[in-house]
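Per the UniProt record's numbering, residue 1 is the first one in the sequence shown, and the count goes up by one each step.
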Amino acid sequence: MSTPHNAAQPGDIAKTVLMPGDPLRAKYIAETYLENPVKFNTVRNMFGYTGTYKGHKVSVMGSGMGMPSIGIYSYELYKFYDVENIIRIGSAGAYTDTLELYDLVLAESAWSESTFALAQAGKSGDIQYPSDSLNDVLENAAQKLNKHLTKARIHSSDVFYHEDNVDDHNDFYQKHGCVCVEMESFALFHNASILGKKAACLLTISDSLVTHAGASAEERQTSFNNMMEVALEATIQL
């Protein structure tokens, strides 16, 4: 049966879901990489598709921006659609000059000041972890495609804009070891943990808070293709 946010019926969604933030990126992945993609969701324009990649069934669905949004969609996928694996694929801003534009980052953990886990399940703590086995599969896929991954802790932030009186990128890097920032993985990892499922996060550096470099729209698309292809290659092993 459908949920308030997803029109899919049982069996419409694969066991493994790739989850970009942007639903239009989900559409791009489906139309570019999947064979015979079928759209299973248009509710709130959060597009979701299921098709095959090299003969393996896989789904792709947008998550929206921020932890409340991915928190809803990932929970429903795990709880009501029997999804086992969600791989978030998204963009991130670098907190250190050791990361350059278009570098791929595989999250080893997600630090956050968010109260998402506390509000959702009474869980305290500011770090959430991905599935080690899912990360191993992503590493293997990257090696097969000759793509370098940086494995590190990331920052999952509740805000995109902040005032000058709070910690900045250098503080998050120095105090917490976060090499880059995004806005979703802490909630995704939490949901996977409480529901006994698997989650991972693969990111492309799209801009730098240190050097202020940023990718153009065309450059982002090309660099994001590398990330998408690693994630898709990983689905073959799941």
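Beta carbons: idealized from backbone N, C-alpha and C, even for Gly.
- DSSP places M1 outside both helix and strand once states are collapsed to three, so it counts as coil.
- Runs of the alpha helix (DSSP H) lying entirely within the region 35-123, each at least 4 residues long, are 67-80, 116-121 in chain order.
- In the structure shown, S216 falls within a coil segment according to DSSP collapsed to helix, strand and coil.
- Taking the C-beta atoms as reference points, L203 is found no nearer than 8 Å to I127.
- Between T16 and E84, the CB-CB gap stays under 8 Å.
- About 6 Å separates the beta carbon of I89 from that of L18, a gap short enough to meet the 8 Å contact definition.
- Beta-bridge pairing by DSSP links H155 to W111, V181.
- Collapsing the DSSP output to three states places L203 in a strand.
- Our two residues, M1 and N191, have alpha carbons roughly 21 Å apart in a direct line.
- In this structure, Y73 keeps its C-beta atom at 8 Å or more from the C-beta atom of S59.
- Assigned with DSSP and collapsed to three states, T235 falls in helix.
- Counting only the Cα atoms, A110 lies some 15 Å from V159.
- Within the DSSP secondary-structure output, V17 pairs in a beta bridge with S59, I86.
- In the DSSP annotation of this structure, the continuous segment of the alpha helix (DSSP H) that includes T32 starts and ends at 23-33.
- Here D22 has G62 as same chain residues with Cβ atoms under 7 Å from its own Cβ, once five neighbours each way along the sequence are excluded.
- A contact between stretches requires three or more CB pairs, one per stretch, nearer than 8 Å, and the region 39-58 fails this requirement with the region 88-104.
- For V137, the enclosing alpha helix (DSSP H) starts and ends at 132-144.
- 8 Å or more divides the Cβ of T42 from the Cβ of A92.
- Comparing alpha carbon positions, the residue from S185, K123, V179, F40 closest to G11 is F40.
- Inclusion of A94 and C201 in the CB contact set at 8 Å is not warranted, their separation being larger than that value.
- The Cβ atoms of E229 and L106 do not sit closer than 8 Å to each other.
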